[in-house]
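Asker: I'd like to ask some things about the structure below.
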Amino acid sequence: MKNLDSKYDVLVVGAGILGAFVSRELSKYDLKVGLIEAHNDVGNGCSGANSAIIHSGYDPAPGTLKAKFNALANPMWDEIADELDIDFTRKGSLTVALYDEQVPLLKELIERSNKNGIPTKLLTPEEVKELEPNISPKVKAALYAPTAGIIDPFNAVVNVIENAVDNGVELLLNNKVLSIKKENDYFIVGTNKNEFKTNIVINCAGVHSDQIAAMIEPIDWKTTPRRGEYFVLDHFLDGFVNHTIFPMPSEKGKGILITPTTSNNYLLGPSSELIDDYDDVSTDKPTLDKVKAQILDMVPSVPLNKVIRVFSGNRPTTTRHDFIIEYAKTDNHFINVAGIESPGFVCAPAIAEYVVKELVNKVCSLIENKNYNPRIRKHIRLNKMGHEEKVEYIKNNPDFGRIICNCERVSLGEIKDALSRNAAPTTVKGIKKRCRAGFGLCQGGFCQSKVVEILADYYNISPLDVLYDDEGSNILLKKIKEGK
Ligand SMILES: Cc1cc2nc3c(=O)[nH]c(=O)nc-3n(C[C@H](O)[C@H](O)[C@H](O)COP(=O)(O)OP(=O)(O)OC[C@H]3O[C@@H](n4cnc5c(N)ncnc54)[C@H](O)[C@@H]3O)c2cc1C
-3 MKNLDSKYDV
7 LVVGAGILGA
17 FVSRELSKYD
27 LKVGLIEAHN
37 DVGNGCSGAN
47 SAIIHSGYDP
57 APGTLKAKFN
67 ALANPMWDEI
77 ADELDIDFTR
87 KGSLTVALYD
97 EQVPLLKELI
107 ERSNKNGIPT
117 KLLTPEEVKE
127 LEPNISPKVK
137 AALYAPTAGI
147 IDPFNAVVNV
157 IENAVDNGVE
167 LLLNNKVLSI
177 KKENDYFIVG
187 TNKNEFKTNI
197 VINCAGVHSD
207 QIAAMIEPID
217 WKTTPRRGEY
227 FVLDHFLDGF
237 VNHTIFPMPS
247 EKGKGILITP
257 TTSNNYLLGP
267 SSELIDDYDD
277 VSTDKPTLDK
287 VKAQILDMVP
297 SVPLNKVIRV
307 FSGNRPTTTR
317 HDFIIEYAKT
327 DNHFINVAGI
337 ESPGFVCAPA
347 IAEYVVKELV
357 NKVCSLIENK
367 NYNPRIRKHI
377 RLNKMGHEEK
387 VEYIKNNPDF
397 GRIICNCERV
407 SLGEIKDALS
417 RNAAPTTVKG
427 IKKRCRAGFG
437 LCQGGFCQSK
447 VVEILADYYN
457 ISPLDVLYDD
467 EGSNILLKKI
477 KEGK
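With this note's numbering applied, the sequence shown corresponds to residues -3 to 480, in that order.
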């Protein structure tokens, strides 16, 4: 066991979008902060497997924490995306009524959006068809929410954490928290590898947040994984749909949507089923068939022959049916940021501000970090450059002329840039999340072996030891021939 001597002011458990923003917010102050994560990379929980919508905030029940933080956080994303070089566009959303009996419900949603302080507008069928020519001809009306946006969820988590680490936060990957004990006036956080001392613990463990909370006291709530399964369509036709299109919401959530993504793909989903296994992110045909049927009802011409991938993520639904953002009952140095299901992604920066300014501030003095820099180094993205700019980059550094992923046009230079940053990737999936190598039509069929080589070279390890994702996910099993 290591590390017991170095004491943290705050340890944040879980490197999803909540742990990311809470750590970044803490890095604005002179504090020793550690961000503990069970996996070998950040953003491997539901922050990397969701619809990636920056919801406008019309939907949550008025008076809930979901409604409060959604309204506060939605406007924050323009500045955050600019500071942290995150792909983000306000496309707007449409919630469509396909049947006459749904129209009164749409009017109730307008009232709800007024109570939440979110601008929305009721559109006629003609107005909807004008905005979305591929919508079902049976559309009766729609609620338009102009402030909804789409975001790159992978870069969002990575870039927020990169910035937190740039500002002094220690990222402690591969540390699964197994126990938390109070000793004198501090906690001892035991992981599979280390023991850490800390004054304050902030529990941002997503679907596992009930297990972490229960390590220090009995709790009267529980998280249950609610799985959502998706299809991803290849980028094929700009403007097939122009907005995030939702069906009418139900008790199961906001429903199965179709949306363009920041990478010009289209996402169809998610389903909504309660499951037992917290970490089961498999997909199954009967559920995906239901997703298909519901999308075809809204957008009948959706080209399902363009599906390139399916995936799923687990929402941390709690028995309280709202976010849990509060001190533990028996200890105000232990803060739960738990059960952050949808719209948790959008809410994360506002929740983080509240947690640090209202909860941490009351138990610890916050002195400004004078060296805090809200920006990260800009990324180089060849496929967003004009021809001349590209040629200039390649002239200065030929690595930018060596294309590794042909589907997404990702160069060696871009991968090397990702490797040179704080919170750098160590796995093939880590490169995929940051640079998009392997995200395209062939799903890594051509570039994966090159990415393995790049990782082996960079970390000076055998290609046999390069992982796709978590421990045990080695891609190569053994050498069959001696070579160079
Ligand atoms: C299907 C689906 C669709 C969604 N769509 C949207 C959307 O469009 N817009 C939106 O705003 N929100 C959406 N959400 C919700 C959003 O994804 C979540 O609210 C948000 O990602 C939660 O972030 P988190 O950091 O709390 O959890 P996570 O991202 O799950 O992170 C928790 C982290 O804690 C780590 N951890 C757990 N246990 C331990 C331990 N013992 N030791 C160390 N580390 C541990 C995990 O490995 C993980 O990395 C959706 C969610 C799902 C599943």
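Ideal Cβ positions, reconstructed from N, Cα and C, are used throughout, including at glycine.
#1: Taking only runs of the alpha helix (DSSP H) that begin and end inside the segment 374 to 405, which ones reach a length of at least 4 residues, in chain order?
#2: Quick one, are the C-beta atoms of LYS24 and TYR454 less than 7 Å apart?
#3: Leaving out five residues before and five after ASP26 in sequence, what residues of the same chain have Cβ atoms less than 6 Å from its Cβ?
#4: Please give the ranges of any beta strand (DSSP E) in the segment 161 to 202, keeping only runs that are unbroken, at least 3 residues long and fully inside the region.
#5: How would you label ALA344, buried or exposed, when you count the other beta carbons within 10 angstroms and need 16 or more for buried?
#6: In terms of DSSP beta bridges, what is ASP318 paired with?
#7: Looking only at its chain, what residues have a beta carbon closer than 7 Å to the beta carbon of MET(-3), apart from the 5 residues adjacent to it on each side?
#8: Spatial neighbours of PRO282 within its chain, please: CB distance less than 8 Å, with the 5 preceding and 5 following residues excluded, ordered by chain position.
#9: Looking only at its chain, what residues have a beta carbon closer than 7 Å to the beta carbon of VAL306, apart from the 5 residues adjacent to it on each side?
#10: Does the segment 285 to 292 come into contact with the segment 263 to 275, if we say contact requires no fewer than three beta-carbon pairs (one atom in each stretch) closer than 8 Å?
#11: Under 6 Å from any heavy atom of ligand 1, does the C-beta of GLU33 make it?
#12: VAL352 and LEU22 - do their beta-carbons sit closer together than 7 Å?
#13: Just to confirm, are ASN199 and ALA209 a CB contact at a threshold of 7 Å?
#14: Report the option in LYS125, LYS87, LYS475 whose CA atom is closest to the CA atom of THR255.
#15: Quick one: give me the first and last residue of the beta strand (DSSP E) that ARG223 is part of.
#16: Helix, strand or coil for PHE442? Go by DSSP, reduced to three states.
#17: Secondary structure at LYS64, three-state DSSP: helix, strand or coil?
#18: By alpha-carbon positions, which one of HIS204, ALA69, THR120 ends up nearest to ALA348?
#19: Mind checking which residues open and close the beta strand (DSSP E) that includes ASP327?
#20: Compute the Euclidean distance between the alpha carbons of ASN393 and GLU385, then round it to the nearest angstrom.
#21: With distances taken Cα to Cα, identify the nearest neighbour of ASP148 among ILE131, ILE13, SER205, LEU451.
Answerer: Taking the coordinates as given:
#1: Counting whole runs of 4 or more residues, the segment 374 to 405 contains the alpha helix (DSSP H) stretches 383 to 392.
#2: Locating residue 24 in the sequence shown gives position 28, where the first residue counts as 1. Locating residue 454 in the sequence shown gives position 458, where the first residue counts as 1. Contact: no.
#3: For the purposes of this step, residue 26 is taken as residue 30 along the sequence shown, with counting starting at 1. Closer than 6 Å at Cβ, skipping near neighbours: ILE363, ASN365.
#4: Annotation: the segment 161 to 202 contains the following complete segments of the beta strand (DSSP E) (minimum length 3 residues), in chain order: 166 to 168, 173 to 179, 182 to 187, 191 to 199.
#5: As a position in the sequence shown, residue 344 is number 348, starting the count at 1. Classification for ALA344: buried.
#6: Here the question's residue 318 lines up with position 322 in the sequence shown. Answer is none; ASP318 lacks a bridge partner.
#7: Locating residue -3 in the sequence shown gives position 1, where the first residue counts as 1. Reliability of the predicted coordinates at MET(-3) is poor, the pLDDT of 47 falling under 50, and the value obtained from them is presented with this limitation in mind. ASN190, GLU191, listed in sequence order.
#8: Reading the sequence shown from its first residue, position 286 is the one you call residue 282. Closer than 8 Å at Cβ, skipping near neighbours: no residue.
#9: For the purposes of this step, residue 306 is identified with residue 310 of the sequence shown, where counting begins at 1. Short of 7 Å from the beta carbon of VAL306, and not among the five residues preceding or following it, lie these beta carbons of its own chain, in chain order: GLU225, TYR226, PHE227, THR279, LEU284.
#10: Touching, per the Cβ criterion.
#11: What you label residue 33 is simply residue 37 of the sequence shown in a count that begins at 1. For ligand 1, a non-hydrogen atom lies closer than 6 Å to the CB of GLU33.
#12: Reading the sequence shown from its first residue, position 26 is the one you call residue 22. Reading the sequence shown from its first residue, position 356 is the one you call residue 352. Remark: C-beta atoms of LEU22 and VAL352 approach each other more closely than 7 Å.
#13: To locate residue 199, count along the sequence shown from 1; it is residue 203. To locate residue 209, count along the sequence shown from 1; it is residue 213. Yes, the pair counts as a contact, with Cβ atoms nearer than the cut-off.
#14: What you label residue 255 is simply residue 259 of the sequence shown in a count that begins at 1. With distances taken between Cα atoms, THR255 lies closest to LYS87.
#15: Start at 1 with the first residue of the sequence shown, and residue 223 comes out as number 227. Counting along the chain, the unbroken beta strand (DSSP E) around ARG223 starts and ends at 219 to 229.
#16: The residue given as residue 442 occupies position 446 in the sequence shown. It is coil, neither helix nor strand.
#17: The count along the sequence shown starts at 1 and reaches residue 64 at position 68. In this structure, LYS64 counts as helix in the three-state DSSP scheme.
#18: By one-based count along the sequence shown, residue 348 stands at place 352. Minimum Cα distance to ALA348 is reached at ALA69.
#19: For the purposes of this step, residue 327 is identified with residue 331 of the sequence shown, where counting begins at 1. Counting along the chain, the beta strand (DSSP E) containing ASP327 begins and ends at 327 to 334.
#20: On the sequence shown, position 397 is the one that residue 393 refers to. On the sequence shown, position 389 is the one that residue 385 refers to. For the pair ASN393 and GLU385, the Cα-to-Cα distance works out to about 12 Å.
#21: Translated into the one-based positions of the sequence shown, residue 148 becomes position 152. Measuring C-alpha to C-alpha distances from ASP148 to each of ILE131, ILE13, SER205, LEU451 identifies ILE13 as the nearest.
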